[in-house]
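The numbering of the sequence shown is the numbering used here, which starts it at 26 and goes up by one. Every residue, glycine too, gets a C-beta built ideally from N, C-alpha and C. Predicted model only: the values in this text are computed from it and were never measured. One structure is given below, encoded as structure tokens.
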Amino acid sequence: MSKILEVKDLHFHYGEIHALKGISLDVEDGEIVTLIGANGAGKTTTLRSLSGLLGRITSGEVRFMGQRIDQMKGHSIAAMGLAQCLEGRHVFGNLTVRENLDMGAYLRKDKDGLKADYEYVFDLFPRLLERESQRASTLSGGEQQMLAVGRALMQKPKILMMDEPSLGLAPLVIQEIFSTIKRINADGMPVLLIEQNSNAALKVANRGYVIENGEIVLKDTAANLLINEDVKKAYLGG
């Protein structure tokens, strides 16, 4: 398998605060990789720094499909095919479901491909088709999460980065979201997932990294992390 995303010795500062301290990780074609850790450990900062949303990193290297992107602006990185579902969903509440999906596809010119991708998103999330003309603000939290994922997929990404997709959702909806993540991946989409629900994340992932205070302190297969005693005590409630 080839590496889709490769991060080497990434450092990032918020002013005087050294938020990321030498993060190194990679995602290979076809994988789900999860980054787990406590609140404030640096998970969201890692994703936002990779997608260019925080401006320039302090030092280190980020390669996407072999090309360095750490000096590029966020919109250019997105145009290359790195899509991010932000924590808290951030759908456009005053726009309809269809208009939100249109926003995901705004850089695209391939009309035939667009039609197929709308059908794919509506097949993944039939409820979005039922609510196609509803304003996003009227959707439930779970439906808004589905819309956020669908909007990212309309970008036709080469990798999908997801930030806390289960946040604030009911257990049954969480199950549905994680089943969808597995299906998207089975259909060929590599996924980099950060998630407070470490148990659920490790059950769908191939590999995982544990982050503490802006540093990677452990990496292993997801199966091994699930039975690691330190991980169980710290993150899995066992």
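For the putative contact between residue i and residue j, defined by C-beta atoms under 8 Å, what is the C-beta separation to the nearest angstrom?
i: isoleucine 82; j: aspartate 54; result: Their Cβ separation, rounded to whole angstroms, is 24 Å, which puts isoleucine 82 and aspartate 54 out of contact at 8 Å.
i: proline 182; j: leucine 126; result: Contact flag wrong, Cβ pair sits at about 14 Å.
i: isoleucine 219; j: aspartate 255; result: About 19 Å separates the two Cβ atoms, so there is no contact after all.
i: glutamine 221; j: leucine 185; result: Contact flag wrong, Cβ pair sits at about 18 Å.
i: phenylalanine 147; j: leucine 139; result: The pair is not a contact, with the Cβ atoms about 13 Å apart (cut-off 8 Å).
i: glutamine 170; j: leucine 194; result: 6 Å
Go ahead and pull the three-state DSSP assignment for residue i.
i: valine 58; result: strand
i: serine 223; result: helix
i: glycine 262; result: coil
i: aspartate 95; result: coil
i: glycine 47; result: strand
i: arginine 160; result: strand
i: valine 32; result: strand
i: aspartate 245; result: strand
i: valine 122; result: helix
Would you give the residue range spanned by the alpha helix (DSSP H) that residue i belongs to?
i: methionine 171; result: 166-178
i: histidine 100; result: 99-105
i: leucine 185; result: It is not in any alpha helix (DSSP H) - leucine 185 instead sits in the beta strand (DSSP E) that spans 184-188.
i: lysine 181; result: Run containing lysine 181: none; DSSP gives neither H nor E here.
i: phenylalanine 203; result: 196-211
Cutting at 8 Å between CB atoms, please list the residues of its own chain near residue i, excluding the five before and the five after it.
i: alanine 104; result: Leu132
i: arginine 93; result: Glu86, Val87
i: lysine 207; result: Ile57, Val229
The beta strand (DSSP E) spanning residue i covers which residue range?
i: phenylalanine 89; result: 84-89
i: tyrosine 131; result: Unbroken run through tyrosine 131: none, as it is neither H nor E.
i: leucine 217; result: 216-219
i: arginine 232; result: 232-237
Any C-beta of chain D sitting closer than 8 Å to the C-beta of residue i?
i: valine 52; result: The structure shown contains no chain D; it holds only a single protein chain.
Can you tell me whether residue i is buried or exposed, with buried defined as 16 or more other CB within 10 angstroms of its CB?
i: threonine 59; result: buried
i: glycine 166; result: exposed
Looking only at its chain, what residues have a beta carbon closer than 7 Å to the beta carbon of residue i, apart from the 5 residues adjacent to it on each side?
i: leucine 45; result: Leu35, His36, Phe37, Gly67, Thr70, Thr71, Ser74, Gly239
Within a Cβ cutoff of 6 Å, which residues of the same chain sit near residue i, ignoring the five residues on either side of it in sequence?
i: methionine 214; result: Leu185
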